[in-house]
Amino acid sequence: MDTVTGVAAYDEMYAAQTPRPEQAELHRVLARLSAEELHDRARLRDAYLDRNGITFTLGERERPLPMDLIPRIITAQEWQVIEAGVIQRIEALEMFLSDVYGPGEVLAEGVVPRSLVTTSTHFHRQAWGMQPSNGVRIHISGIDLIRDEQGGFRVLEDNLRNPSGVSYVLQNRRTLAHVLPEVFAGHVVRPVAEYPERLERALRKAAPVSNPVIVVLTPGVHNSAHYEHAFLARNMGVELVEGRDLYCRDDRVWMRTTLGPRQVDVIYRRIDDDYLDPLQLRPDSVLGVPGVLNAARAGNVTIANAVGNGVADDKAIYPYVPALIRHYLGAEPILPNVDTYDLADEDQRVYVFERIESMVVKPSDASGGYGLLMGPSATQEQIDQTRAAVLAHPRGWIAQPVVTFSTCPTVVDGGRVDARHVDLRPFAVNDGDEIYVLPGGLTRVALPEGSLVVNSSQGGGSKDTWVLDTAGAVQRPAPRERRRASVEPDLPARHEAPRTHDERLQQQERQQQQGPPC
Amino acid sequence: MLSRIAESFFWIGRYLERAHATARMVAEHHQLIVEEAPADEAAACALLLDALSLPDDEAGASADLVSIVLGSADRSSTVAGVIAAARANALAVRDVLAVEVFEALNAAHLSVVRGRGLARVDSPGVALHRVVERLLVVHGVIAWAMPRDEAYHFLVLGRSLERIDMTARLLAVQHDAVWPESGSVATLRSAAAHSAYLRRAAPDGDGVREFLVLDPDFPRSMRRSAVEAEEAVRSIMALGAGGGTELLREVGMLRSALEFAVNPTPDDVDRLAEQARIAAMTASDIADAAFFRQSGTIVWSH
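Structure (structure tokens):
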């Protein structure tokens, strides 16, 4: 598929017109499904998602997150690289955060310019010196990856604050098995269902006490990701709370319940730093809990993810992450970055401005694809506006050459199948002893032809993502002995309404049908 | 009330519960087989068929499994067969049955037995969901429109005894033996108990079994079903029906065995579950003798 850059995107399904070996089985099944059949299944899928309320709120409208019917396949070998690379990155970023909110050696040594850290909008001095109880700051992360033109995985951005979308990973699997079960045949797919359990364990281990009360803090039902907040709370069996359900007293956090106040030990918060504590951060926040930061500082509650993580996923810090990996771990990055230009640097800025048509220009502190300029498809007016914005505040912007993401076959209008660009967000949970990477993650797909913007807030869709267990690389627990034969019930044939009852009815029926002679 | 009518209501209660629980079980089982293909698919199918006392020699794959369990009107213990039987009983008591209840049951029967829903076994999840949904409407209309008279109490008695039986069959599947990681969740989902359970503990086999046998609040736990059965028998007796004493003793003893189990070990839970299953069967026979056929069948001979 030709694209704006002139370089063909990596096609995950075909190599030289033939399906790649790992895709062959899927290809065979898909080839048997007609466009009408796919279209039918798409209707079933929408009905299923709507009925189950699996939705994403965009603007004022609540809609099902568009889920494509064709799964995306990642081989066991590819997954090993991704998993190792994500773990390595989280390890380095954890050390970076603990450094900048502590001794600051990394800044003193000049690995990262001090000014970049101190000017980051997500660097919160209020979090300085706070020690998380098990040392973890990045409990949950989503590292966005893409496959470049050669098929290699690269990191596009880090999400260390409130990455969302994991509920869709779990629901996509269930939905696909529900509406298109035949595609699973012939594949051993690594399951994703244990995520809530892993998350719960990580939150428990992050707690200051041994048998903690855990809550999920949501901004409320009007938040676009509210479905996910409720999903996670329900599946972990913990309370979903809003800011007004919590209050602080004596540097402790309490939850208002019908049985009186109950102390909270871990807050998995899904609200942004700025809104978390009006006493310390944004004073006009009505979503947060006044005093919660002091309670955390006193060690009486754990906030996950930690306050101030945004400094590490700032897009202006991103170019330095490979250097951080070398600095802290003494190893080469397993997953490379995408080339990135720092627009605060005058030479780089001039270079970018000269070829802005082939660049993506992004605000360094935003997420969700907001404010992004896609050079090749931008109008002159948009380019001028962005140029002016960059000049007014160069620290706030970065630029990257347009990378053509890989493509996957995707069902488009009327059941037709066509290649669309995809990225991948693997989710990682750090419990302090182990970083667990959910096998697969969220594949986001840019639905308009040729588009490279996959954010769900910009009309992107998603795909069920399969990590194959072909190599038998993963030890699954062996089936257990069935339990105690002595008490295993010997189930008899079923109780039924007595046959005589039926026979009598039938005989009656026959006689009634004859009726009286007329 | 006529014994014949009481018997029909009792069986409407049983069959509706059996259809509903069976449809849920197969939907979950099918989904699990698709998502986490077991090494031996036919064996995984046979587990469910055995638990449902259905012949297990025809199911080679998950799609066969669904069509066998959905079944047809003339095959007993299949979803379609059971719904047809419920409807046959409803027809026989149509004069005393609230119009709304008959309509809802009839609609379920039409959609399941005659409807195209069943033909769509290539999307079995969708077909099964439709069945479950129609049956929920029937339950809803019963709760909403039926007077709490004798007929209602017989229906509840049948339903709660069947619940105990179906929960025993669900536990007999032992999902966690085949799927150590996700089996317990599947057991819970089959009983619509997942959300209710998660607030207590992380799902593990023993905890889930104890929940489904001994939980005081969950509507499909054996203990809760025994409480309902006992209440139904007491209500029937309060309305003047004679001959319920033996039945009351049977369900009352079951209820107290489940209610007062002290620190049960996993083995105790298994024993109590089996005891409950047998007691439910016995209670059904006692009800039959006490209320539906108390004079014995007269056989005419030439």
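If you read the sequences in order, they're chains A and B.
Just so we're aligned, residue 994 is where the first sequence starts under our numbering, counting upward by one.
Just so we're aligned, residue 145 is where the second sequence starts under our numbering, counting upward by one.
Ideal placement from N, C-alpha and C gives every residue a C-beta, glycine not left out.
Because the structure is a prediction, the values reported are computed rather than measured.
- Sixteen is the threshold: since fewer than 16 other Cβ atoms of the shown chains lie within 10 Å of the Cβ of Tyr1363 of chain A, the residue is exposed.
- Taking Ser267 of chain B as reference, the option from B:Val322, B:Val317, B:Arg378 and B:Ser211 with the minimal CA-CA separation is B:Ser211.
- Scanning A:Leu1274, A:Asp1243 and A:Tyr1321 for the CA closest to the CA of Asn1293 of chain A turns up A:Asp1243.
- Sequence-distant Cβ neighbours of Ala1077 of chain A in its own chain, meaning closer than 8 Å and more than five residues away, are Ile1327.
- Beyond the five residues adjoining it in sequence on each side, Gln419 of chain B comes within less than 7 Å, by CB distance, of Ala401 in the same chain, given in chain order.
- Approximately 6 Å separates the beta-carbon atoms of His174 of chain B and Leu209 of chain B; this is inside 8 Å, confirming the contact.
- C-alpha of Glu1374 of chain A to C-alpha of Glu1055 of chain A: approximately 32 Å in a straight line.
- Using beta-carbon distances, Leu272 of chain B does not count as an interface residue toward chain A, since no partner is under 7 Å.
- Ranking A:Val1410, A:Asp1258, A:Asp1338 and A:Val1353 by CA distance to the CA of Arg1388 of chain A puts A:Asp1338 first.
- Not one beta carbon of chain A lies nearer than 7 Å to the beta carbon of Arg367 of chain B.
- The C-beta of Glu185 of chain B comes no closer than 7 Å to any C-beta of chain A.
- Just so you know, the alpha carbons of Asn1423 of chain A and Gly1145 of chain A end up roughly 25 Å apart.
- Chain order gives no chain B residues near Phe1346 of chain A, where near means a beta carbon separation below 9 Å; the closest approach is about 51 Å.
- According to the DSSP assignment, Ala1421 of chain A belongs to no alpha helix (DSSP H) but to the beta strand (DSSP E) extending over Phe1420 to Asn1423.
- Using a CB distance below 9 Å, the part of the stretch 340-352 of chain B facing chain A consists of Tyr341, Leu342, Arg343, Arg344, Ala345, Ala346, Pro347 and Gly349, ordered along the chain.
- 7 Å or more divides the Cβ of Val1257 of chain A from the Cβ of Val1209 of chain A.
- Chain A has a Cβ within less than 7 Å of the Cβ of Val178 of chain B.
- Against chain B, the CB of Val1185 of chain A has no partner CB under 7 Å away; the residue lies outside that interface.
- The criterion of a C-beta distance shorter than 7 Å is satisfied by Leu305 of chain B and Ala424 of chain B.
- Excluding its 5 nearest sequence neighbours in each direction, Gln1393 of chain A has C-beta neighbours in its own chain below 6 Å: Val1331, Thr1333 and Val1353, listed in chain order.
- DSSP lists A:Thr1400 as the bridge partner or partners of His1414 of chain A.
- CA-CA distance, Phe246 of chain B to Leu176 of chain B, rounds to 34 Å.
- Taking a contact to require three or more Cβ pairs closer than 8 Å, the stretch 1276-1288 of chain A and the stretch 1091-1107 of chain A do not qualify as touching.
- In terms of Cβ geometry, Leu1286 of chain A and Asp1267 of chain A do not form a close pair [threshold 7 Å].
- Beta-bridge partners of Ala1392 of chain A (DSSP): A:Tyr1334 and A:Val1354.
- Taking all protein chains shown into account, Ser1160 of chain A has 16 or more neighbouring C-beta atoms within 10 Å of its C-beta and is therefore buried.
- Taken through DSSP and simplified to helix, strand or coil, Gly1454 of chain A comes out as strand.
- In summary, Thr1403 of chain A is buried, with 16 or more beta-carbon neighbours lying within 10 Å of its beta-carbon over all protein chains present.
- Excluding its 5 nearest sequence neighbours in each direction, Phe1346 of chain A has C-beta neighbours in its own chain below 7 Å: Arg1380, listed in chain order.
- Within chain B, the C-beta atoms nearer than 7 Å to that of His1488 of chain A come from Met425 and Ser428, in chain order.
- Assignment of Val240 of chain B by DSSP, reduced to helix, strand and coil, places it in the coil class.
- Within chain B, the residues placing a beta-carbon under 8 Å from that of Leu1037 of chain A are Ser267 and Val270, ordered along the chain.
- 7 Å or more divides the Cβ of Leu1109 of chain A from the Cβ of Ala1316 of chain A.
- DSSP places Glu1325 of chain A outside both helix and strand once states are collapsed to three, so it counts as coil.
- With respect to chain A, the C-beta atom of Gln175 of chain B has a partner C-beta closer than 7 Å.
- The stretch 1452-1461 of chain A makes no contact with the stretch 1209-1228 of chain A; the number of CB pairs closer than 8 Å stays below 3.
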